[in-house]
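Single-structure report; data block below.
2 protein chains.
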Amino acid sequence: MKPEIVQGTRDFSPQVVNKRNYIFNTLRNIFEKYGYQAIETPTMERLSTLTGKYGDEGDQLLFKVLNNGDYLKKANKEALENLDSKKLMPSIAKRGLRYDLTVPFARYVVMNRNDIAFPFKRYQIQPVWRADRPQRGRYREFYQCDVDVIGSKSLLYEAELIQIYDEAFAQLGLEVVIRVNNRKILEGLAAYAGYPDSFVQIVTAIDKLDKIGWDGVKTELEKFDVDENGFQKIRKVIDAKDLMELSSLFEGIEVGQQGVQELNEVQAFLDASNYTVKNKLAIDFSLARGLSYYTGGIFEVVVDISVAGQEAVKMGSIGGGGRYADLTGMFGLKDMSGVGVSFGADRIYDVLDELNLFKDIPTDTTQVLVLTMDEESLKYGFGLTQQIRAAGINADIYPEVGKFKKLMKYANRRGIPYVIIIGEQERTSQELSFKEMETGAQSKLTIENIIAQLSN
Amino acid sequence: MKPEIVQGTRDFSPQVVNKRNYIFNTLRNIFEKYGYQAIETPTMERLSTLTGKYGDEGDQLLFKVLNNGDYLKKANKEALENLDSKKLMPSIAKRGLRYDLTVPFARYVVMNRNDIAFPFKRYQIQPVWRADRPQRGRYREFYQCDVDVIGSKSLLYEAELIQIYDEAFAQLGLEVVIRVNNRKILEGLAAYAGYPDSFVQIVTAIDKLDKIGWDGVKTELEKFDVDENGFQKIRKVIDAKDLMELSSLFEGIEVGQQGVQELNEVQAFLDASNYTVKNKLAIDFSLARGLSYYTGGIFEVVVDISVAGQEAVKMGSIGGGGRYADLTGMFGLKDMSGVGVSFGADRIYDVLDELNLFKDIPTDTTQVLVLTMDEESLKYGFGLTQQIRAAGINADIYPEVGKFKKLMKYANRRGIPYVIIIGEQERTSQELSFKEMETGAQSKLTIENIIAQLSN
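Line by line, the protein sequences are chains F and L. Per this note's numbering, residue 148 is the first one in the first sequence, and the count goes up by one each step. Per this note's numbering, residue 148 is the first one in the second sequence, and the count goes up by one each step.
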């Protein structure tokens, strides 16, 4: 039998695991520096928890787990007879795979609300599953890295999350643009243009500005009868150069003024923090993130094309988030405002790889490999290997004596940077051959000297 | 709607995540010190990969994932009409959840054999799923930590894996007994007793010795006609005090001699390594581990009852493993000998918790919390919080000004060890109130002094 992997999923080799852990550990350390704590939720959730939270398309993309045992016993007989897959499903599958980290987080908060001190700052780095059609860069199993705070309306957190984005991408060496907006500004825009009831359509059109340009947006807007005057007003808002200009445009439009005020408050926290933003921070009045569920601040991170080149546009956003006024309402806990951002780990991985920013991540975490030429040296070398390990250095030994060429080939394939070669001569003199694989430089050293050198 | 969690699964709170990561990181560092590299495989495997690998019971305990879309379209119509759940299953579910880490590892090796340098030393720390009846200490989602080497018959690895067990439990502060045996010794025992064809039954009976004692074993053996002479010979082997005595009993029994020789060779590697075993290492000729699939060395770790008390017996084994002559044969790649051991992370967690060995793991990784008494101090405090973070210290700030008592309660509930309190006076004097929560000790310090103190 020829083994196969499930379509849309991936095995991760040691080198890829190392690169991925470098991303995860960078994020983890920053999240904890900012006071966020890790939680983990189970892979399987009850379908009653998941269904209806992600729209019709989401419901279809959920992976459902077949009930165990004689699952047909309690199956919906009518649906069975009619071969109605959709109708049958709830009677034969009560569990599904985690689709995102937000719904499980909301469930966690509701179920553990008596043990949680609010505001609750949590991060979560776990895989999610979606039955999407697999394609380049889109997988059926992928990691999400979410950092959220729930139980406070303070705009201090919006400032903090911007800093977390900034610090994370600075540490990863990736230059980005952090785009910021506020749902209330988008609502103000629709009101200012004179079409408050067409809010969703207007924002959906504006959301495509990057891709279709102003001409395209105009065509879209005409579809639901936005006139030239309305179009010009929309354009004026989007093109406003700062919050002050926007504020004067929004005279008398309360929701719009609220949006301006909130962004001003976020800016005031940033100013008070003595923190210098290392990436580009851009207030972008067109940013909507497909409207999602955000009720206040909206965030998005894209690779800075002025640095990475026009190609970076294709990469899309590598992070996004915002504020939800009522994150746990779906589970009956009202008035819990939350704000959070997500890091698209798989996309970040692809971008770092493409821009060659993983250069210091080792293929193999082993520092040195011991190679031996005869049976007595093998046991002797095993003792030396343990001595190196006892000094806290990752070390390995080839388990058989063998031809020099074969052993060197093994060291090479694993990508181990140093080898120690021991034959009878080295064993009796206790001067070991120590070779740096990259340069080929070789020297005779005692084990103590080798350990000292590797410890640096 | 009242949210529920899937039965047999668990949410992990921050404190539990910290404790679990302490175990995982301890293991990870030791595995890498010994030259093992991490791989990760997908949560879902094809059912054709999983089915038939774990026996009939295992097949039933596999979680199966329902095919997406109109899954009834290709369903087995006959099975549908007969309401035959078992027969229908393969036609509506082609994927299942990972049941252990060994089968996915074998699949990985076969699929990636051209890119792997053998011997391939890999470790894997990932969850697995089993539809077992949930009970105390048994979950439907739990982690396995496996460390294996494949592609070599060298007994050096048996010695190395014993050292890994020893070092891991020593670092975790848990005193254990590492039990070692060899399948060939068990085969020799059946031959020596005169019942080579009853090998499986004899070993199954002996495997229960711990629980049922010699009288019980005798009753079991009588069931398949082992006579008194046979019983006494079996007892002689199990009670043999060392390998030399065993070797003389096994005179003329080739397979038994091979077993003795292999254990002697493992011992020779241990002796050559200058490594002092910190736990009890016990060669135990009754150890069979339910016979599993092992063909050579067999390992098991139990908590040392002479230290942890009789209660520890109930905990069962917290690790086990052995050598497989043909790990990848199930996927058509022949003659790949492998040896490995597993750490039962959930049981180890429970034992450490019960013996109070987690004492240094923090409830919350935040070192210091800033509390402020007025709006101006809030912004000022936000700046100071950033200053503390910039020094690499995990710091947080309460996002609102508030009553002192409420803020202190928050700090207390989160378990953050230090707080900084800032009101108008502190802000103007720049001498901040710095309080150690456990002792209640309070002092007035500049931010620089606080950072210096927290950095120690």
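Heads up, the beta-carbon is just placed ideally off N, CA and C, and yes, glycines get one too.
> Hey, how far is the Cα of Asn411 (chain F) from the Cα of Tyr312 (chain F)?
Replying inline: 19 Å
>> So if I threshold CB-CB distances at 9 Å, which residues from the stretch 513-524 of chain L count as touching chain F?
In response: Thr513 and Leu516
>> If distances are taken between C-alpha atoms only, which option among F:Ala337, F:Glu322 and F:Leu428 comes closest to Asn376 (chain F)?
In response: F:Ala337
>> Within 8 Å of any Cβ in chain L, is that where the Cβ of Tyr201 (chain F) sits?
In response: no
> For Lys224 (chain L), which three-state DSSP category applies?
Replying inline: In this structure, DSSP gives Lys224 (chain L) a helical state, which the three-state scheme calls helix.
> Residue range of the beta strand (DSSP E) that Pro237 (chain L) falls in?
Replying inline: Premise fails: Pro237 (chain L) lies in the alpha helix (DSSP H), Ser232 to Ile239, not in any beta strand (DSSP E).
> Which residue's Cα is closest to the Cα of Thr190 (chain F): L:Val373, L:Lys233 and L:Val275?
Replying inline: L:Val275
> Is there at least one non-hydrogen atom of the ligand SAH closer than 7 Å to the beta-carbon of Leu396 (chain F)?
Replying inline: Annotation note on the ligand SAH: not contained in the displayed structure, which lists no ligands.
> Along chain L, in chain order, which residues have C-beta atoms closer than 8 Å to that of Glu547 (chain F)?
Replying inline: Ser299 and Ser301
>> What does the Cβ neighbour count give for Glu314 (chain F), buried or exposed, with the cut at 16 atoms within 10 Å?
In response: buried
> Should Asp354 (chain L) be flagged as near chain F, meaning a C-beta pair shorter than 8 Å?
Replying inline: no
> In chain L, which residues lie with their C-beta within 9 Å of the C-beta of Ala542 (chain F)?
Replying inline: Lys180, Tyr181 and Gly182
>> As a quick exercise: from L:Lys526, L:Ala538, L:Glu501 and L:Gly466, pick the residue whose alpha carbon is nearest that of Tyr545 (chain L).
In response: Looking at the Cα atoms, L:Lys526 is the closest of the given residues.
>> Assuming contact is defined by CB atoms lying nearer than 8 Å, are Leu208 (chain F) and Arg277 (chain F) in contact in what I supplied?
In response: yes
>> Any contact between the stretch 538-552 of chain L and the stretch 512-529 of chain L? By contact I mean 3 or more CB pairs, one from each, below 8 Å.
In response: The answer is yes - the stretch 512-529 of chain L touches the stretch 538-552 of chain L, with three or more Cβ pairs under 8 Å.
> Is the shortest distance between the beta-carbon of Gly456 (chain F) and the beta-carbons of chain L less than 8 Å?
Replying inline: Taking Cβ atoms only, chain L never reaches closer than 8 Å to Gly456 (chain F), which makes this a no.
>> Would you say Gln600 (chain L) lies against chain F (beta-carbon separation less than 8 Å)?
In response: Chain F, which has no Cβ nearer than 8 Å to the Cβ of Gln600 (chain L), makes this no.
> Is the Cβ-Cβ distance between Tyr270 (chain L) and Phe159 (chain L) less than 8 Å?
Replying inline: In this structure, Phe159 (chain L) does not lie closer than 8 Å to Tyr270 (chain L) by Cβ.
> Three or more C-beta pairs closer than 8 Å, one from the stretch 494-507 of chain L and one from the stretch 154-170 of chain L: is that the case here?
Replying inline: yes
>> Quick check on Glu409 (chain F): buried or exposed, where buried means 16 or more other Cβ atoms within 10 Å of its Cβ?
In response: buried
>> Between Asp217 (chain L) and chain F, is the shortest Cβ-Cβ distance under 8 Å, so that the two count as touching?
In response: yes
>> Please identify the residue among F:Asn176, F:Ala537 and F:Ala264 whose C-alpha is closest to the C-alpha of Lys556 (chain L).
In response: Residue F:Ala264 is the option with its Cα nearest to Lys556 (chain L).
>> So, with DSSP's three-state summary, where would you put Asn172 (chain L)?
In response: helix
>> Quick check on Phe529 (chain F) - is its C-beta less than 8 Å from some C-beta in chain C?
In response: Absence of chain C from the displayed structure is noted, the protein chains being F and L.
> Would you report the Cα separation of Ile567 (chain L) and Asp293 (chain F), rounded to the nearest angstrom?
Replying inline: 28 Å
> How far does the beta strand (DSSP E) with Phe505 (chain F) in it reach, from first residue to last?
Replying inline: That residue, Phe505 (chain F), is in no beta strand (DSSP E); it is neither H nor E in DSSP.
> What separation, rounded to the nearest whole angstrom, lies between the Cα atoms of Pro251 (chain L) and Thr188 (chain L)?
Replying inline: C-alpha separation (whole angstroms): 7 Å.
>> With a threshold of 6 Å on Cβ separation, who are the neighbours of Val347 (chain F) within its own chain once the five nearest residues in sequence on each side are excluded?
In response: There are no such residues.
>> Does the contact criterion of 3 or more C-beta pairs under 8 Å hold for the stretch 462-476 of chain L versus the stretch 342-361 of chain L?
In response: no
> In or out: Asp262 (chain F) buried (at least 16 other Cβ within 10 Å) or exposed?
Replying inline: exposed
>> Helix, strand or coil, according to DSSP, for Leu302 (chain L) in the structure here?
In response: It is coil, neither helix nor strand.
>> Looking only at its chain, what residues have a beta carbon closer than 7 Å to the beta carbon of Glu573 (chain L), apart from the 5 residues adjacent to it on each side?
In response: So the qualifying residues of the chain are Leu579 and Ser580.
>> Since Gly243 (chain L) and Phe210 (chain L) should fall inside the 8 Å C-beta cutoff, what is the C-beta to C-beta distance between them, to a whole number of angstroms?
In response: 6 Å
>> Which residues in chain F have a C-beta closer than 9 Å to the C-beta of Phe210 (chain L)? List them in chain order.
In response: Met191, Val212, Leu213, Asn215 and Arg242
> Relative to the alpha-carbon of Gly216 (chain F), which residue among L:Arg280, L:Val257, L:Tyr201 and L:Val164 has its alpha-carbon at the smallest distance?
Replying inline: L:Arg280
> Are there 16 or more other CB atoms within 10 angstroms of the CB of Arg571 (chain F), so buried, or fewer, so exposed?
Replying inline: The sequence shown places Glu at residue 571 (chain F), rather than the Arg named in the question. Exposed, by the Cβ-count rule.
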